[in-house]
Amino acid sequence: MLNIKCPYCGDRAQKEFAYGGDGTVKRPELNKEVSDKEWDDFVYMRKSLRGKHVELWHHIFGCRQWFRAQRDTATHEIFKTAKISEEI
Amino acid sequence: MAQEFRLKNEGLIDRKKEIIFSFNGKKYSGYQGDTLASALLANGVHLVGRSFKYHRPRGFFGAGVDEPNAKLQVTINGYSEPNVNATEIELVKGLSATSQNCWPSVNFDVGAINNFLNRFFPAGFYYKTFMWPKSFWYKIYEPFIRKAAGLGVASVEKDNERYEHKYEYCDLLVAGSGPAGLSSAYAAAKNGARVILAEDKPRFGGTLLTDDVTIDNLSGKDWADKIISELKEMPNVIVKNRSQVFGYYDHNMTVMFERIGDHLEQKSKFTPRQRLWYIRAKEVLLSTGSIERPIVFGNNDTPGIFLSAAAKEYIKVYGVLVGKKPVIFTNNDSAYETALEFKKNGVNPIILDSREEQNSQLVQDVKNQNIKIKFSHAIIAANGYKKVNSVLAGKLTKDKTDYEKTEIIECDCVCVSGFWTPTVHLASQSGNKLSYNDKIDAFVPDKSKQSEKSIGAANGTFTLKETIENGFKIGSETSNKITKKNNPIKIPKSNELNHSPHDKFWCAPLPKGKNYKRFVDFQNDVAVSDIEIALKEGYRSIEHVKRYTTLGMATDQGRTSNLNGLQLVANIEKKIIPQVGHTTFRPPFTPITIGAIVGREIGKEYMPTRKTPMHDWHEKNNAVFVDAGAWKRPRYYKQGNETLSEASRREAKNVRDHVGICDVTTLGKIDIKGPDAAELLNRVYTNAWLKLPVGKARYGVMLREDGIVMDDGTTTRISENHFHMTTTTLQAANVLSHLEYYLQVIWPELNVNVVSTTEQWAGLSLAGPKSRDVLAKLFPDLNVSNDALPFMGYIEGNLFGVEARIFRISFSGELAFEINVKSDHGIFMWEKTMEMGKEFNIQPYGTEALSTLRIEMGHVAGPELDGRTIPYDLSLEGLISNNKDFIGKRSLRREAFKSDSRQKIVGLIPVDKKSSIPEGSHLVENKDAKLPNPKIGYVSSSCWSVENNNPFSLGILKNGKNMIGKKLFALSPLKNKAIEVEVISSHYVDHEGKRVRS
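Chains A and B supply the protein sequences, listed in that same order.
Going by the working numbering, 85 is the number at position 85 of the first sequence; the sequence numbering is gapless.
Converting from the second sequence to the working numbering requires adding 1000 to each position, the first position being numbered 1.
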């Protein structure tokens, strides 16, 4: 079980969190015309990286805040976590 | 009762407390403090089981976790458990044990024929035998293998024991309480670190209990006792015996298995049997010691053959002699300690040493005791079937590949030592890449991946002096990093005899023309010849050899076999061990009970139960409940001998004819506040929300980004910047997370707060033509006419002193209202409504009637919102706004979603108006078409229409909009039904929606 540092609450057990997928995906702006390809990339296409990965987590049994974490997908090492408003 | 092999004075057992137990039906006696193994050995019982493949007689080999053979079926207090390690389970009153893997008895086992058929059971026999003919597999081969293989029998009784889980955090976890563990834990504790010291065995001290050493002029055991009692007094230290750290997981999470109840003769009702500790430690020190490995020789699995350290442990800890005429076979000095212990107790051993003449202090000491030593000797093979009675020994040639001469030496036990293997399992589990140390011919931990360090014998340090010095140093340094304290401690002086180096001799060569079975892995019955075959057949990778021969794959994880197996592969391949590599260690280190893993989460504690405030009322009124997520909802209220279908028809009919009341507390409720609340809804729902007036509700559908319908519900504008959203019961949590995601991650500029209020409001739905009459009686001061409270209207009222929210919304298709009050008043609201509705024939209705009502109205619910449907499929395309963007809108332009022949919801009635259509049926054109019959749709929801008094279903059908009037078949292969159905509109009742607006 991972030990995840919520940027709001501090170190907590993985049990308290829900995984939220790739944290680098940018949603196309509302009311902006996007091509099929762009939309498809946004909805479906994800990289399955080995190594450093920026991802979203949701402190679902805690403060209910979403945040980003930089994690190594092979070793599970978590290098950094940051609020959504912060750089990671 | 006689314990013929029990010594008068040795041992740490309590001779005042005799314990009677039974083994294979016979009664024996032992003492408090014995293990089952030591008690049996005290009685001279060696034969405990039959081997896995060849059913060869097997006896005890080790004295703890190293034991490969003595796995017994053990019954305590009527509960029976298979594969219990006899060398680890403590003797307790009433314990009874039986041998496994033998029939009819361990003494006469029919399966032993396998031993003589062993050419049919070569390496990989599972893969080679039983292959053809294919048709034999299910009926003949598989049942045969299942019967022949496996060990004990799992109990089918309910396990009434209590198991617990515990979470703990500490600065330093020390696994193992030998000299390394004690000294490091002590040093760390003195620096103020929060320490947990875990010992697998009942007694602390590890090898200090058996080695003839002194520390600070105390015996090893006395020193260990002194340190432990000091540690126990310290508030920052948790000291646990009978507790094994068996798993090392990510981020320094270790799991420890504590045995609490099994050794107690009497325990209170709430004493758990076992407890699982999840320990997150800042640093972990692995002082797990080492395990002696055997030397391989012919018939080395004969009962009466022991590891030499085990024989010593039986003497020193349990006061038991494993034999009175021992032969000791060794390639190193440590077996000489065993010889000395025998001698002290009046037994004269003979030592066969593969090395040439040695003269260390220890060997000298043995010589001084006039113990007979034969250097350059090896055991070629043991003789005896159920018990060793002599060994064939040989004088080794100079190159140790053959013998100069041989002789028979009579004996009643053999103690073998092939040097020591550090217990690196936990280090390996943590991700530590091991490295090979050829000074000790074994793998040791190398580079840590997590915050762990191995110390003492686990790290290949085999002298006491070095172990203690390192222990204090590392314990002090590691804790200093955390606490920043540095309490100086005087490192105690230790005293031990020095050893001469070991010899790399690990396997006695076969004399010409002889073909003894020489076992490498006892538990899985893997012999030297099996590994040779595997290599001959082309297996090279050690991982493949392991799987093909099953070497090291038994529950003992190859503790005594791994290195000898690697050595053998290396020899044949003409490689060195580091080139061969090693297999991976995985948790658990020893088998853990399922009970401990499950803990308290069984039965009704498996998951939380959510009950509405009206639950007790439902219970009193014969509600039959159904699970909706964690919620309990009344499915129907049983009257007399009614069946489910009779009750639900009665309830639904009463709604259509009079008025019904349904508990809708479980619907998800989300309170949405803020200046941008309407804007959020406008982006989340497919329809327009900005202009919804205050005091009005609106039905909305939300999509996922891929265009699939996620959830639906009504949302009401309570005030300008305040909305009350409802979701389906099962999607409530997902919808909240969804809103939070968009608010926090995608559109943080929106000034909105969302919070779940599901449990803050109790809700009831009042439905049926008489519902307004009931409402008027509940709120006599309120104007509830169609003009004052029209369809989709919202007002607030006072229900006999209780604030209430009244929504005019309908799920049943009837004139209907939903009333919410704060949860505490839920039962009051409910009872008052029943009371006021009495004169209008009010009846409660459950989820089954609720479904009937919504299905015949053509309202979609869970079965239609199944993660595969878009708004069009559900005839909800009218709710899609063309004037704004929303989540998932762009996906609706995908080709497949625009297709003319796309699936769409339809109604279905059986042509005979009688046969009910099973949910999940396939819709096909021709019931007799060749399989696979092309499926053009499926039945999502079925009910008995109370309005039309015949079955009615909803289905999702390809090209549904053009199929009305067509006749199809609903096929249910599961129920073996083919029902002819007619496709009709999905709105079976009140097409124009007049009733909800009446």
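Idealized CB from N, CA, C, for every residue including glycine.
The segment 26 to 40 of chain A makes no contact with the segment 52 to 67 of chain A: fewer than 3 CB pairs, one atom from each, lie closer than 8 Å. Using a Cβ-Cβ cut-off of 9 Å, T75/A is close to D1250, G1431, K1449 of chain B, given in chain order. Close partners of M45/A in chain B (Cβ separation under 8 Å) are lacking, with about 12 Å as the shortest Cβ gap. In the DSSP annotation of this structure, the continuous segment of the beta strand (DSSP E) that includes F1246/B starts and ends at 1243 to 1249.
Put simply, of I1379/B, K1386/B, E1404/B the residue whose alpha carbon is nearest the alpha carbon of A1393/B is I1379/B.
Here V1752/B carries a coil assignment [DSSP, helix/strand/coil]. Rounded to the nearest whole angstrom, the C-alpha separation of V1684/B and D1885/B is 9 Å. Apart from the 5 residues on each side of it in sequence, N1959/B sits with its Cβ closer than 7 Å to the Cβ of S1901 in its chain, given in chain order.
Contacts with chain A at 7 Å (Cβ-Cβ) include M1253/B.
In the structure shown, the three-state DSSP call for F1800/B is coil. In this structure, the alpha-carbon of E1357/B lies about 30 Å from that of P1303/B. Distance from the CA of R1203/B to the CA of I1228/B, rounded to the nearest whole angstrom, comes to 10 Å. Collapsing the DSSP output to three states places M1834/B in a helix.
Annotated as distal: Q1100/B and G1062/B, with beta-carbon spacing of 7 Å or more.
A Cβ-Cβ separation of about 15 Å leaves R1610/B out of contact with A1623/B under the 8 Å criterion. Interface criterion not met: the Cβ of I1672/B is under 7 Å from no Cβ in chain A. Every alpha helix (DSSP H) stretch that sits fully inside the segment 1760 to 1790 of chain B and reaches 4 residues is listed by chain position as 1771 to 1778.
Residues of chain B with a Cβ closer than 8 Å to the Cβ of S85/A are, in chain order, P1748.
Within chain B, E1740, Y1741, Q1744, V1745 have C-beta atoms less than 8 Å from the C-beta of W66/A, given in sequence order. Interface flag for R1194/B against chain A is unset, since no Cβ pair is found closer than 7 Å. Not flagged as an interface residue toward chain A: D1446/B, since no C-beta distance is shorter than 7 Å. Bridge pairing for K1343/B: absent [DSSP].
Secondary structure note for D36/A: its alpha helix (DSSP H) is the uninterrupted segment 36 to 43. In terms of Cβ geometry, V1255/B and G1247/B form a close pair [threshold 7 Å]. Separation of the CB atoms of V1074/B and N1495/B is rounded to 41 Å, and the pair is thereby denied contact status at 8 Å. Taking the beta carbon of V34/A as reference, the chain B residues within 8 Å of it are R1890, listed in sequence order. The beta carbons of N1115/B and Y1054/B sit closer together than 7 Å. Residues of chain B with a Cβ closer than 8 Å to the Cβ of H59/A do not exist; the shortest Cβ-Cβ separation is about 10 Å.
Nearest C-alpha to T1463/B among K1493/B, I1482/B, L1434/B: K1493/B.
Counted as a single uninterrupted DSSP element, the beta strand (DSSP E) harbouring M1256/B occupies residues 1253 to 1259. Between the beta-carbon of V1526/B and that of T1555/B there is about 14 Å, and that puts the pair past the 8 Å contact cut. For D1525/B, not one C-beta of chain A is nearer than 7 Å to its own C-beta. Burial state of V1520/B is buried, judged by a 10 Å Cβ sphere holding 16 or more other Cβ atoms. Sorting P1613/B, G1858/B, R1650/B, K1071/B by C-alpha distance to the C-alpha of F1952/B places G1858/B at the top. H1724/B carries a strand assignment under DSSP once its states are collapsed to helix, strand and coil. Our two residues, D1333/B and P1501/B, have alpha carbons roughly 8 Å apart in a direct line.
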